[in-house]
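These notes concern the structure reproduced below.
Numbering (my numbering), first residue to last: 5 to 678.
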């Protein structure tokens, strides 16, 4: 009280201040704040370190997630903006072309054509015409394939429905890098319309429900094609009457023989009937497949034969017809054949029990033939592509990779046998392009083409093998100087050539068509002349199973010599197959004429009046060719199919830039991007 009174008496109040100054280092050390960037960074880092490891992880994850979302949003907005800009530009151009008219929704696909369009121009449809059916089934999206149309005004039953594929449309401005493969002077560029094969199959192929294709003028069917259709119908009538649902027809005894008990002839001929346009016969066969083809049987089947004939036939028919029934059956048999690959070496056994799920080698050996284990790849790879299950392709790719690394080859030529336990070649020193090795060389090239010309190991093995053929197996006969492919056994050349080797001209021509050496086509032309002479120099005009060529001219002797054990003919397709390739790639009519001669001789010496065709024992005896009473399934599956294609001038009837034939003449698509 006293102090306050004294202060009031002393005058106005006075304020006192205390000032304390600290140095910068002292302030920071004491936890003070000076608002500098360095101080702020240290403070944030201290706070960050005080967080638990879990808290820091959550924060980092959130930042990363936001960053990814930002990138995706930016990309999407960029594409949308680009699309909008392009659309605006297109609309502006359209408005300039059509003043006063603005298209609200520009067409993406061509407008479908009416089924009755231009009927006045075609009062009777050509067998190979492509009408628009009311309901269309199609294969995978890269194939534009039409189902047969049921037209009550067709006067003939054998109208041919052509499998037409729509080419993949690509942006002309788009440029992609091409890997170049060089082999002995040949420069190969991979097909940019195809994707490289992958061990990972992303999505199963599904038939598309949308069809957009430009109608083409129908290609008239030729008289020679009509003759093939008649021959097929005659053979089919015998099978239907006497062997329906069984493996093979015995036309003379009007009975049948069984091999697997799986309707082998019927399944093998499915795609032939489709290509020939035999709709009624096809529908009958389809009903049998749907109701009676059952694989749950306690029966041993040969892996190779059942793959190329049954699996290949079902896959091909699925692609041509778009009918999922055939794909489901293909998946079933494919899965049942997989136990064959359960071997120590991954080289498959030759035989599989498709009911029990077991496999084994032949009873007399643990070997498989090289051709059998390396000629199932096209089919299993395609099954993986269609189903999305990589196990099929993985199994067969491992076989090819293993064979690629093996020793025992002779300049690319392989022995005939391989052991399923050790995985090594056996019976070394014997090299042939005939039985037990032939289709190994064929499938090297065809897998390379199927996969888009990107699997360089396959191409290298093929090219090296052809060089080996030229070096070790090629000779010329006397007196006509025919070029032929012999055999090599432990350094000794044999002038023996199987009819099976006549696949080679077609394979060489196919390789040349796909960019390989032009010399391959020259060799193909020489070899197809030889294969034709194997028919022309024989009394019946039909080739024996095996011929021997004379290397030195002898009075009274032709180039071709036939031994008694080799003079049978099994209605084989290899020469006709190569004639088809040669005509398709060269347009030389002589190949059609040669094929026509062969067909006429089949009709003259092997046709059975009551239905069917028969193999014969003696091609040198026109008066008694000694029929064997057996019609092989490949006569319908291969020989007549290649005949029909040979006599066609329509390159889109199984276009060889879009399909690859398996070794049983079943066309499978060359892979294209999804």
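Glycine included, every Cβ here is placed at the ideal spot set by N, Cα and C.
- DSSP places residue 464 in the helix class (H, G or I) of the three-state scheme.
- Within its own chain, the residues whose Cβ lies closer than 7 Å to the Cβ of residue 300, once the five positions on either side in sequence are excluded, are 359, listed in chain order.
- The beta strand (DSSP E) runs lying completely inside the segment 298-362 and spanning 3 residues or more are 304-306, 355-357, given in chain order.
- The three-state secondary structure of residue 632, taken from DSSP, is coil.
- A distance below 7 Å between beta-carbons, with the five flanking residues on each side excluded, links residue 674 to the following residues of its chain, in chain order: 198, 453, 454, 662, 663, 664.
- With contact defined as three or more Cβ pairs closer than 8 Å, the segment 507-520 and the segment 581-597 are in contact.
- Taking C-beta atoms as the reference points, residue 278 and residue 321 count as a pair closer than 8 Å.
- Judged by DSSP in its simplified three-state form, residue 568 adopts helix.
- The alpha-carbon separation between residue 611 and residue 572 amounts to approximately 15 Å.
- Taking residue 591 as reference, the option from 536, 568, 655 with the minimal CA-CA separation is 655.
- Contact check for residue 450 and residue 504: beta-carbon distance about 16 Å, past the 8 Å limit, so the pair fails to qualify.
- Using a Cβ distance threshold of 8 Å, residue 647 and residue 305 do not count as a contacting pair.
- With a cutoff of 8 Å on beta-carbon distance, residue 373 and residue 420 are scored as near each other.
- Counting of Cβ neighbours within 10 angstroms places residue 323 among the buried residues, the total reaching 16 or more.
- Boundaries of the alpha helix (DSSP H) harbouring residue 594: 593-609, taken from the DSSP string.
- Under the DSSP assignment, residue 671 falls in the beta strand (DSSP E) whose first and last residues are 671-673.
- For residue 603 and residue 514, the gap between their C-alpha atoms comes out near 23 Å.
- Residue nearest to residue 506 within the set 370, 539, 482, 521 is 539 (criterion: CA-CA distance).
- In this structure, residue 499 lies near residue 555, with their beta-carbon atoms less than 8 Å apart.
- Distance from the CA of residue 526 to the CA of residue 416, rounded to the nearest whole angstrom, comes to 21 Å.
- Beyond the five residues adjoining it in sequence on each side, residue 258 comes within less than 6 Å, by CB distance, of 246 in the same chain, given in chain order.
- Judged by DSSP secondary structure, residue 235 falls outside any beta strand (DSSP E) and instead within the alpha helix (DSSP H) spanning 227-246.
- The three-state secondary structure of residue 372, taken from DSSP, is strand.
- Contact between the segment 619-638 and the segment 574-583 is established, with three or more Cβ pairs separated by less than 8 Å.
- In the DSSP assignment, residue 491 forms a beta bridge with 498.
- Sequence-distant partners of residue 653 (beyond 5 residues in either direction) whose C-beta falls short of 7 Å from its own C-beta, in its chain, are 223.
- Here residue 271 carries a helix assignment [DSSP, helix/strand/coil].
- Nearest C-alpha to residue 229 among 55, 649, 668, 667: 649.
- At least 8 Å separates the beta-carbon of residue 308 from that of residue 370.
- If you draw a straight line from the Cα of residue 640 to the Cα of residue 269, it is about 7 Å long.
- Less than 8 Å separates the beta-carbon of residue 533 from that of residue 486.
- By the CB criterion at 8 Å, residue 542 and residue 623 fall inside the cutoff.
- According to DSSP, residue pairing for residue 551 in a beta bridge involves 501.
- The C-alpha of residue 621 lies about 27 Å from the C-alpha of residue 484.
- At least 8 Å separates the beta-carbon of residue 312 from that of residue 271.
- Using a Cβ distance threshold of 8 Å, residue 412 and residue 349 do not count as a contacting pair.
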